[in-house]
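Residue numbers for the sequence shown follow my numbering, so the first one is 6 and each next one is one higher.
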Amino acid sequence: MSSTGDAESNGMRTSSDSITKPVLDEKTGVEVSSLDGGSSVDYKTRFPHVDEKKVLRKIDLRVVPFVFIINFFTFLDRVNISNATLFGLKQDLKLQGNQYNTALLIYFVPYILLDIPSNVLMKRFKPHVWLTICMFGFGFVTIMEGLTKNFGGLLATRFFLGVFECAVFPGCLYLISMWYKRAEAQTRFTFFFSSNSLAGSFAGLLGYAIGHMDGMRGYRGWRWVFILEGTLSCVLAFVMFFLVSDFPEEASWLSEDEKAFVKARLQEDVGQSGRNEPVRLTHFVKLFKDYKSYLGAVMYFGLIVPAYSFAYFSPTIIQGLGHTAITTQLLSIPPYFAAFVFGMIISAISDRLHHRFAFTMLGICIAIVGFSILFSVHNHTNVEYGALFLAAIGTYTAMPLALCWYSMNVQGHAQRSVAGAFQIGFGNVGGIIASYAFLAKDAPKYLPGYSICISFACLSGLACCLYFLAITLQSKRRNVEDGETSSDGSTSDFKFEYIS
């Protein structure tokens, strides 16, 4: 890392240096701060000529929309197997017993194991390179999924789909968290996360359209689902290479003053970013020694089970209510769209109030009510379909809140990359459970599946309460231990405060 003296002698700022030229008071000409040096002067005072709203608009237009698109197609290519199932995938590949569930499960093996390494690699290779390579990879594998001939081929493609997709979600979460202050991040992250909900809606709409292609050029409708959606991902990967932004220090679309301003406002919120600090063993030691890491992971783990259960099996559940395959595709759209709208409203309120706990619990409780209705009510089509709305709204509202809440309470560039990937990797163990939650032998009531979803949502709620209690107690302890180094690395010259 270059020293302040080096920066002055060179007479220039560079994006690779985390310390740049001193910032001078415009009236006195006296140095008030260097970028990473800490300062008692408010960042707005240090940069009076920079329009914060204008900079935020730039960030909103250049960061979030493009990671939204990448994650949209990631989720689409992940869950389109549920739509393909309605068009004869099981029959054509001669899947027997629980082989379909095994194909769902195999995806999560590399996804869980490679989450943390993928974030380390993204920090090294830059987001626009790493994310688009992975996007092209999962698009190509999805095309191959549409050409597979047997169960073995399906397993292989699902495995490699997990290899390429594991980088996208934790990488995008990490990238967003390095651009926004914690009090403004939830709305942006929920919008990004809502790409999952909209992808679920689009999967149903696209499935409805592709269903009419059954038999075209000798391919069944389910094959076209994979081939067309995979091709879209591959083509867009080339476009995203030129559009996806890197970290603030490397953003070519910001002026040098704007880069300094972004770093200063984030430093005031969470302390030094440490962009150039490599991931070291000490970051893993700190992660695994902090019990809050496990609470954050369990919060997400408990929500993954109902989330993937809904994503993979809701089309089958809807079809079981007496609808045709084509009608089922259309009916799968509204619950996802409702989840998108409700989630955005809640996240906006959460950011305005600077609070996460109550809104996360609200989502969890709504999900529990929805799955409880599905567990207890049968042969009432409208009630069961309405309960699917509650299940989707609750689950997909609570998930981005739990993720962003934990991630934004971790201080430092390298530490956040490791912690965020750990939360997501551990959480996706729940995907393995979800893969076997709804078995064909339990149709049409699926009582074991619904009870599993309820149980894990309750587990998430418990972890959420414990995490809230933990950060509340630690915040109070910090108030009486002023000047001591905290477990998160904050010191007397910067006081890191948790967002509750």
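Positions of the beta carbon are idealized from the N, C-alpha and C atoms, including for glycine.
For Trp258, is the classification buried or exposed, using 16 other Cβ atoms within 10 angstroms of its Cβ as the cut-off for buried? Position 253 of the sequence shown, counting from 1, holds the residue named residue 258. Looking at its Cβ environment, which holds fewer than 16 other Cβ atoms inside 10 Å, Trp258 is exposed.
Exposed unless 16 or more other CB atoms sit within 10 angstroms - verdict on Leu40: Looking up residue 40 in the sequence shown gives position 35. Unreliable positioning characterises Leu40 in this predicted model, as indicated by a pLDDT of 39, which lies under 50. The coordinate reading is nonetheless provided below. Per the 10 Å Cβ criterion, buried.
Suppose you measure from the CA of Gly176 to the CA of His385; what does that come to, to the nearest Å? Here residue 176 refers to the residue found at position 171 of the sequence shown. Here residue 385 refers to the residue found at position 380 of the sequence shown. One C-alpha to the other measures close to 42 Å.
In the structure shown, what three-state DSSP assignment does Gln101 receive? As a first step, residue 101 is located in the sequence shown; it is residue number 96 there, counting from the start. Coil.
Cut-off 6 Å between Cβ atoms - residues of its own chain near Ala403, not counting five sequence neighbours on either side: For the purposes of this step, residue 403 is identified with residue 398 of the sequence shown, where counting begins at 1. Excluding sequence neighbours, Ala403 sits near Leu308, Thr365, Gly368 and Ile369.
Taking the C-alpha atoms as reference points, what is the distance between Ala426 and Lys131? Within the sequence shown, the letter at position 421 stands for residue 426. Within the sequence shown, the letter at position 126 stands for residue 131. Taken atom to atom, the span from the alpha-carbon of Ala426 to that of Lys131 is near 16 Å.
Hey, how far is the Cα of Arg67 from the Cα of Ser456? Working through the sequence shown from its first residue, we reach residue 67 at position 62. Working through the sequence shown from its first residue, we reach residue 456 at position 451. C-alpha separation (whole angstroms): 42 Å.
Out of curiosity, what's the CA-to-CA distance linking Arg482 and Ser250? Within the sequence shown, residue 482 is the residue found at index 477, counting from 1. Within the sequence shown, residue 250 is the residue found at index 245, counting from 1. Taking the straight line from one Cα to the other gives about 38 Å.
Proximity test, Cβ basis, 8 Å: Gln104 and chain C: No chain C is part of this structure, which consists of one protein chain only.
Nearest-angstrom beta carbon gap, Tyr112 and Leu166 [assumed within contact, 8 Å]: As a position in the sequence shown, residue 166 is number 161, starting the count at 1. As a position in the sequence shown, residue 112 is number 107, starting the count at 1. With 8 Å as the limit, Leu166 and Tyr112 qualify as a contact, their Cβ atoms being about 6 Å apart.
Consult DSSP for Leu444 and reduce its assignment to one of helix, strand or coil. Numbered from 1 along the sequence shown, position 439 holds the residue referred to as residue 444. Note: Leu444 maps to coil in three-state DSSP.
Cβ pair His359, Ile476 closer than 8 Å: In the sequence shown, counting from the first residue as 1, residue 359 sits at position 354. In the sequence shown, counting from the first residue as 1, residue 476 sits at position 471. The answer is no: Cβ separation not under 8 Å.
Quick one, are the C-beta atoms of Phe315 and Ala396 less than 8 Å apart? Within the sequence shown, the letter at position 310 stands for residue 315. Within the sequence shown, the letter at position 391 stands for residue 396. Taking 8 Å as the Cβ cut-off, Phe315 and Ala396 qualify as a contacting pair.
Can you determine whether any heavy atom of the ligand COA sits closer than 7 Å to the C-beta of Met349, and answer yes or no? No copy of the ligand COA occurs in the structure displayed, which carries no ligand at all.
6 Å Cβ shell around Ala204 - same chain, five flanking residues per side excluded: Within the sequence shown, residue 204 is the residue found at index 199, counting from 1. If we look at Ala204 and ignore the five residues flanking it on each side, its Cβ neighbours are Phe77, Phe80 and Leu81.
For the alpha helix (DSSP H) holding Phe92, just list the boundary residues, first then last. Residue numbering aside, residue 92 sits at position 87 when the sequence shown is read from its first letter. No alpha helix (DSSP H) holds Phe92; DSSP gives it neither H nor E.
Ordered list of alpha helix (DSSP H) runs contained in the segment 185 to 266, each at least 4 residues: Taking only runs of at least 4 residues, the alpha helix (DSSP H) segments lying wholly in the segment 185 to 266 are 187 to 215 and 226 to 246.
Applying the criterion that 16 or more other CB atoms from any shown protein chain within 10 Å of the CB defines a buried residue, is Met183 buried or exposed? In the sequence shown, residue 183 corresponds to position 178, counting from 1. By the 10 Å Cβ count, Met183 comes out buried.
With distances taken Cα to Cα, identify the nearest neighbour of Ala462 among Ile64, Lys294, Ser377 and Tyr179. Counted from its first residue, the sequence shown places residue 462 at position 457. Nearest C-alpha to Ala462: Ser377.
Cut-off 8 Å between Cβ atoms - residues of its own chain near Met221, not counting five sequence neighbours on either side: By one-based count along the sequence shown, residue 221 stands at place 216. Cβ neighbours of Met221 beyond the five flanking positions: Trp229.
Can you find the residues in the same chain that come closer than 7 Å, C-beta to C-beta, to Gly34, ignoring five residues on each side of it along the sequence? If you number the sequence shown from 1, residue 34 lands on position 29. For Gly34, the predicted model reports a pLDDT of 41, less than 50, meaning its position is unreliable and no value from the coordinates is stated.
Could you give the C-beta distance for Ala448 and Gly301, rounded to a whole number, given that I count them as a contact under 8 Å? Residue 448 sits at position 443 when you count from the first residue of the sequence shown. Residue 301 sits at position 296 when you count from the first residue of the sequence shown. Contact between Ala448 and Gly301 does not hold, since the beta-carbon distance rounds to 35 Å and is not under 8 Å.
Lys32 classed as buried or exposed, judged by whether at least 16 other C-beta atoms fall within 10 angstroms: Sequence index remark: in the sequence shown, residue 32 carries index 27 (1-based). Low confidence applies to Lys32: its pLDDT is 39, below 50, so where it sits in the model is not reliable, and the reading given next is rough at best. Exposed is the call here.
Mind checking Ser422: buried by the 16 CB within 10 Å criterion, or exposed? Stepping through the sequence shown from its first residue, residue 422 is reached at position 417. Classification for Ser422: buried.
Hey, how far is the Cα of Leu119 from the Cα of Ala161? Within the sequence shown, the letter at position 114 stands for residue 119. Within the sequence shown, the letter at position 156 stands for residue 161. Taking the straight line from one Cα to the other gives about 17 Å.
Which value, in whole angstroms, describes the spacing of the CA atoms of Asp47 and Glu273? In the sequence shown, counting from the first residue as 1, residue 47 sits at position 42. In the sequence shown, counting from the first residue as 1, residue 273 sits at position 268. Near 8 Å, if we compare the C-alpha coordinates of Glu273 and Asp47.
Kindly indicate which three-state DSSP category Ala403 falls into: helix, strand or coil? Numbered from its first residue, the sequence shown carries residue 403 at position 398. In the structure shown, Ala403 falls within a helical segment according to DSSP collapsed to helix, strand and coil.
If we ignore side chains and look at the alpha-carbon of each, how far apart do Trp135 and Phe473 end up? Residue 135 sits at position 130 when you count from the first residue of the sequence shown. Residue 473 sits at position 468 when you count from the first residue of the sequence shown. Computed Cα separation, rounded: 34 Å.
Can you list, in chain order, the residues of its chain whose CB lies under 7 Å from that of Val146, leaving out five sequence neighbours each side? For the purposes of this step, residue 146 is taken as the residue at position 141 of the sequence shown. The residues are Thr162, Phe165, Leu166 and Phe169.
Give a yes or no on contact between the segment 189 to 197 and the segment 96 to 113, applying the rule of three or more CB pairs nearer than 8 Å. no
How should Val382 be labelled, buried or exposed, when 16 other C-beta atoms within 10 angstroms of its C-beta is the threshold for buried? Here residue 382 refers to the residue found at position 377 of the sequence shown. With fewer than 16 other Cβ atoms within 10 Å, it is exposed.
Mind checking which residues open and close the alpha helix (DSSP H) that includes Asp65? Here the question's residue 65 lines up with position 60 in the sequence shown. First-last of the alpha helix (DSSP H) with Asp65: Glu57 to Arg67.
Starting from the C-beta of Ala330, find all residues in its chain whose C-beta is less than 8 Å away, skip the five residues before and the five after it, and write them out in chain order. Indexing the sequence shown from 1 puts residue 330 at position 325. Closer than 8 Å at the Cβ level, and outside the excluded window around Ala330, lie Leu91, Phe92, Gly216 and Gln324.
Would you tell me roughly how many angstroms separate the C-alpha atoms of Phe347 and Ala363, rounded to the nearest one? Residue 347 sits at position 342 when you count from the first residue of the sequence shown. Residue 363 sits at position 358 when you count from the first residue of the sequence shown. Straight-line Cα distance between these residues: approximately 15 Å.
Alpha carbons only, please: which of Leu237, Arg270, His418 and Thr400 is nearest the one belonging to Glu189? Walking along the sequence shown from the start, residue 189 turns up at place 184. Here the closest residue by C-alpha is Arg270.
Which same chain residues, not among the five before or five after Glu502, have their C-beta less than 7 Å away from its C-beta? Mapped onto the sequence shown, residue 502 falls at position 497. Closer than 7 Å at the Cβ level, and outside the excluded window around Glu502, lie Ser480.
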